[in-house]
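S.K.: Okay, here's the structure, questions in a sec.
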């Protein structure tokens, strides 16, 4: 993972979370919704997933204030089978519904060894890894995914069809934070395009598409992104995006990504119901925990000991983010200037004091 260079301010995570909770409550969100959004965006920023962190607060606020997002949803959880449950999110925040889905899935998996939990009538839930990681910190392995509005061209195409359709996998590791894979099935998430717009930095080659269907490095000219695998091997990303879209739409009753209205508006009054799909596994019911932990430790030691090219270090998924999270614990979370200006506006509008910055 290439970390973004962010010109802005740094804020302690412990101070940012209550601020986010307070502004969402001031805008009308109920306590559980405000807490869930704050937990997810601060967690993402703390672990260097800046594209899906605090910078999304203004986006979620537009949905809340516009009426797209239900400010006080009644989540309905239905057990469909011994190991299957469904969460009706009631057009509320996807963060709240996803945390509840993980909670339900872990309870089921503790009994059955495996659980599948679908979520319908939801909304954008930020970084999918927030939820799989939550399960892993409780001792469960988890796979999570969500679909979205179209922003990704299919392999061989010129117009957006798929959402960025992220896929995440987390597995517990004795004595350290979980292994965490959290990736878009597109070459980059479209939020990275928007972050590069805010930071004024160009995009990598062959990841973004302009209005003519050609690759561009100008974030302001990008209207879509390509699938994982790029110009030559993008059929892999298209295949993964198909899988995610079908699990999150057909299995939840939601429309597929291309049929969804644009997340970015201009209509922020009408709900855009989407689905999420989670699989939770209990290692203890597949293998003795001592042997499971030993196998994980052996794998990680072997992987990290592999020779690196040009003096580089071989990492397990999530290693770079873990190191950055430790640094940000003391140095604060970076917030770009565009996002900080928006947070300052919310502070003024709602009379909620901005958190102090770290010099």
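In my numbering, the protein residues as written are 23 to 381. Every residue, glycine too, gets a C-beta built ideally from N, C-alpha and C. No experiment lies behind these values; they were computed from the predicted model shown.
Pick helix, strand or coil for residue 298, following the three-state DSSP scheme.
M.R.: strand
S.K.: Nearest-angstrom Cα distance between residue 140 and residue 202?
M.R.: Here the C-alpha atom of residue 140 lies approximately 21 Å from the C-alpha atom of residue 202.
S.K.: To the nearest whole angstrom, what separates the beta carbons of residue 47 and residue 56, a pair I think is in contact under 8 Å?
M.R.: 5 Å
S.K.: What are the start and end residues of the alpha helix (DSSP H) that includes residue 134?
M.R.: From DSSP, the alpha helix (DSSP H) with residue 134 extends over 116–134.
S.K.: Leaving out five residues on either side along the sequence, give the residues of the same chain with a beta carbon under 6 Å from the beta carbon of residue 126.
M.R.: 99, 107, 139
S.K.: Take residue 23 and list the residues in its own chain whose beta-carbon comes closer than 6 Å to its own, dropping the five residues that flank it on each side.
M.R.: Confidence in residue 23 is poor, its pLDDT being 49 and thus under 50, which makes the residue's placement unreliable; the coordinate value appears in the next sentence. Counting only Cβ-Cβ distances below 6 Å, and skipping sequence neighbours, we find 342.
S.K.: Under 8 Å, do residue 195 and residue 322 count as touching if we go by C-beta distance?
M.R.: yes
S.K.: Out of 51, 77, 50, state which residue places its alpha-carbon closest to the alpha-carbon of residue 32.
M.R.: 77
S.K.: How would you label residue 180, buried or exposed, when you count the other beta carbons within 10 angstroms and need 16 or more for buried?
M.R.: exposed
S.K.: By the DSSP assignment, the alpha helix (DSSP H) with residue 200 in it spans what residues?
M.R.: Segment 198–205 is the beta strand (DSSP E) holding residue 200; no alpha helix (DSSP H) there.
S.K.: Considering only the alpha carbon of each residue, which of 90, 51, 373 lies closest to residue 296?
M.R.: 90
S.K.: Taking the alpha carbon of residue 271 as the reference point, which residue from 288, 170, 165 has its own alpha carbon closest?
M.R.: 170
S.K.: Given a cut-off of 8 Å on the beta-carbon distance, is the pair residue 41 and residue 377 in contact?
M.R.: yes
S.K.: Drop a sphere of 10 angstroms on the beta-carbon of residue 374, count the other beta-carbons inside from all chains shown, and report buried for 16 or more, exposed for fewer.
M.R.: buried
S.K.: Can you tell me the Cα-Cα spacing of residue 240 and residue 234, whole angstroms?
M.R.: 13 Å
S.K.: So for residue 144, helix, strand or coil by DSSP?
M.R.: strand
S.K.: Just the Cα atoms here: how many angstroms apart are residue 216 and residue 244?
M.R.: Rounded to the nearest whole angstrom, the CA to CA distance from residue 216 to residue 244 is 9 Å.
S.K.: Ignoring anything shorter than 3 residues, give me the beta strand (DSSP E) runs that lie fully in the stretch 275–352, in order along the chain.
M.R.: 296–303
S.K.: If you draw a straight line from the alpha carbon of residue 283 to that of residue 294, how long is it in whole angstroms?
M.R.: About 6 Å.
S.K.: According to the Cβ coordinates, are residue 371 and residue 68 closer than 8 Å?
M.R.: For residue 371 and residue 68, no; Cβs fall outside 8 Å.
S.K.: With DSSP as the reference, label residue 34 as helix, strand or coil.
M.R.: coil
S.K.: When we look at the beta-carbon of residue 287 and count the other beta-carbons within 10 Å, is it buried (16 or more) or exposed?
M.R.: Counting Cβ neighbours within 10 Å, residue 287 comes out exposed, since fewer than 16 surround it.
S.K.: In the structure shown, what three-state DSSP assignment does residue 54 receive?
M.R.: Of the three classes helix, strand and coil, the one that applies to residue 54 here is helix, per DSSP.
S.K.: Apply the 10 Å Cβ neighbour rule to residue 224 and answer buried if 16 or more other Cβ atoms are within range, or exposed otherwise.
M.R.: exposed
S.K.: If you draw a straight line from the alpha carbon of residue 360 to that of residue 208, how long is it in whole angstroms?
M.R.: When rounded, the distance between both Cα atoms is 25 Å.
S.K.: Could you tell me the distance, in whole angstroms, from the CA atom of residue 251 to the CA atom of residue 237?
M.R.: Computed Cα separation, rounded: 14 Å.
S.K.: Please classify residue 359: does DSSP put it in a helix, a strand, or coil?
M.R.: helix
S.K.: Cα-Cα, which of 112, 103, 51 is closest to residue 82?
M.R.: 51
S.K.: Residue 85 to residue 291, Cα distance in whole Å?
M.R.: 7 Å
S.K.: Would you list, in sequence order, the uninterrupted alpha helix (DSSP H) runs of no fewer than 4 residues that lie entirely inside the stretch 141–198?
M.R.: 151–159
S.K.: Would you kindly report the start and end of the unbroken beta strand (DSSP E) that includes residue 214?
M.R.: Run containing residue 214: none in the beta strand (DSSP E); it sits in the alpha helix (DSSP H), 212–221.
S.K.: Excluding the five sequence neighbours on either side, which residues of its own chain have a C-beta within less than 6 Å of the C-beta of residue 45, listed in chain order?
M.R.: So the list reads 368, 372, 374, once near-sequence residues are dropped.
S.K.: For a test of the three-state rule: what should DSSP assign to residue 113, helix, strand or coil?
M.R.: coil
S.K.: Looking at the strands, I want to know which residues DSSP matches up with residue 98.
M.R.: For residue 98, which the question treats as bridged, DSSP gives the partners 110.
S.K.: Measuring CB to CB, does residue 161 end up less than 8 Å from residue 190?
M.R.: No, the Cβ-Cβ distance between residue 161 and residue 190 is not below 8 Å.
S.K.: Does DSSP put residue 243 in a helix, in a strand, or in coil?
M.R.: coil
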